[in-house]
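Residue numbers (the numbering used here): -14 to 426. Written out below as structure tokens is the structure these notes cover.
In structure tokens:
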């Protein structure tokens, strides 16, 4: 292959776009996978060839122009042989750690012994090398057909984790996917992970993403969840990347009948963050709780884009996202709930709120409802504003110093989203992280 095939004139013109295309040509023969996987990669890079990086010309990327925000591509990361100390914020909780460094699963640093009955874990690279077409498995109705950032992930994904939980298995010990970028030189990494949770199974899955400050590394990480009938899944994603990192994270979930799925995003690190989630409630009577907290300062830019698709009757979803913004930070929330004609008796509510601690902070909210059914209860709300002076005065009148009073109010603001977490230790860690952030701002 000497050029990326596309039927129209390529829109690619930036340095980063040209570098991505060239990098694929250089890396494609070394990427894991046989003919089936190679065909998936080829289709993905062809899509990128037709679109280039997402820009504000696309409604879904109106507030996060990746073409501008990513002027260059960092060189592809090479497999890392050393263990890492990543994920220490959760180390005391005893979770099963699976460590992915610079895009590669490090078996020696991961806890792969003594797996519970019904739990299987292997590396995505091994699965792809066996030519298992896992990059879009059973998610054809969830994956956005024109998302160039996800297409790049499909084209370049070298490793990650493949989890399977057998029907009826209750995995009591949470699994922690530790994504770490290391080194003083900027690199780019692409990981894809997949979890298939069988009917009536239970699983808690936590992701953390971190790396060094002042290194312009780039992360493109995607997680696919296939949740079986009656299963219960708790998912937490913590994005604590380095101060100048660019992070594009994608969550794809298909939730089966009568299953329960809860997901929480906690964003505090990184320079540019795109946290996009595409969730399809594909079975009757599903329940989903999708929440998020962003703590941003300096010139951080964090975009949470959420699409919840009610495709079957009797589903319930609750979405709640909050941002605390200081300095010149900017938070974006785009949320869309789609209720298809078959999804009668859907109950869906979405709320986004931003707390502005600085006159220069900015929040853009765009909630949407797209409803094709008539027997539904759906709503959304959105607010943005400063701390309530009256509440601050109330606390100060009771002897609490102003700085402490403001911190208490901000912590209470974030706690509404964190409190529903069922795992006490995890909830305490994230609450403490919020308190630590407040001490610095």
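Ideal Cβ placement from N, Cα and C applies to all residues, glycine included. These numbers come from a predicted model, not from an experiment.
Per DSSP, the beta-bridge partners of residue 187 are 155, 217. For residue 310, the enclosing beta strand (DSSP E) begins and ends at 301 to 310. According to the DSSP assignment, residue 334 belongs to the beta strand (DSSP E) that extends over 332 to 341.
For residue 378, the number of other beta carbons within 10 angstroms of its own is below 16, and it is reported as exposed. For residue 87, there is no enclosing beta strand (DSSP E), as DSSP marks it with neither H nor E.
Within its own chain, the residues whose Cβ lies closer than 7 Å to the Cβ of residue 149, once the five positions on either side in sequence are excluded, are 105, 181, listed in chain order.
In this structure, residue 291 keeps its C-beta atom at 8 Å or more from the C-beta atom of residue 310. For the region 24 to 94, the continuous beta strand (DSSP E) assignments of 3+ residues that do not extend past its boundaries occur at 81 to 86, in sequence order. The Cβ atoms of residue 116 and residue 18 sit closer than 8 Å to each other. If you draw a straight line from the Cα of residue 130 to the Cα of residue 21, it comes to about 19 Å. Judged by DSSP in its simplified three-state form, residue 20 adopts helix.
According to the DSSP secondary-structure assignment, residue 138 is paired through a beta bridge with no residue.
Taken atom to atom, the span from the alpha-carbon of residue 111 to that of residue 306 is near 36 Å.
Nearest Cα to residue 192 within the set 169, 237, 164, 283: 164. Using a Cβ-Cβ distance cut-off of 8 Å, the region 267 to 278 and the region 234 to 248 are in contact, since at least three pairs of beta carbons, one from each stretch, lie closer than that value. Three or more beta-carbon pairs drawn from the region 317 to 327 and the region 353 to 361 are found closer than 8 Å, and the two stretches are therefore classed as touching.
Scanning the region 212 to 257 from its first residue to its last, the whole beta strand (DSSP E) runs of 3-plus residues come out as 217 to 225, 231 to 240, 245 to 254. Using a Cβ distance threshold of 8 Å, residue 142 and residue 175 count as a contacting pair. By a beta-carbon distance limit of 8 Å, residue 9 contacts residue 140. Their separation comes to about 6 Å. In this model, residue 397 and residue 407 are separated by some 18 Å (Cα to Cα).
With a cutoff of 8 Å on beta-carbon distance, residue 284 and residue 328 are scored as not near each other.
In this chain, the alpha helix (DSSP H) harbouring residue 0 covers 0 to 12.
Under the three-state reduction of DSSP, residue 349 is assigned to strand. Of the candidates 254, 308, 0, 258, 308 places its Cα closest to the Cα of residue 278. Collapsing the DSSP output to three states places residue 283 in coil. Per DSSP, the beta bridge partners of residue 262 are 236, 291.
Contact check between the region 47 to 60 and the region 193 to 212: three or more CB pairs, one atom from each, fall below 8 Å, which counts as touching. Closest in alpha carbon position to residue 101, among 153, 162, 216, is 153. Going by DSSP, residue 167 is part of no alpha helix (DSSP H) at all; its letter is neither H nor E.
Around the beta-carbon of residue 170, fewer than 16 other beta-carbon atoms lie within 10 Å, marking it exposed.
Sequence-distant partners of residue 294 (beyond 5 residues in either direction) whose C-beta falls short of 6 Å from its own C-beta, in its chain, are 265, 323. Remark: C-beta atoms of residue 226 and residue 220 do not approach each other more closely than 8 Å. A distance below 7 Å between beta-carbons, with the five flanking residues on each side excluded, links residue 272 to the following residues of its chain, in chain order: 245, 301. When DSSP reads this structure, residue 104 sits in a beta bridge with 150.
Under DSSP, residue 96 forms no beta bridge with any residue. Residue 378 carries a helical assignment under DSSP once its states are collapsed to helix, strand and coil.
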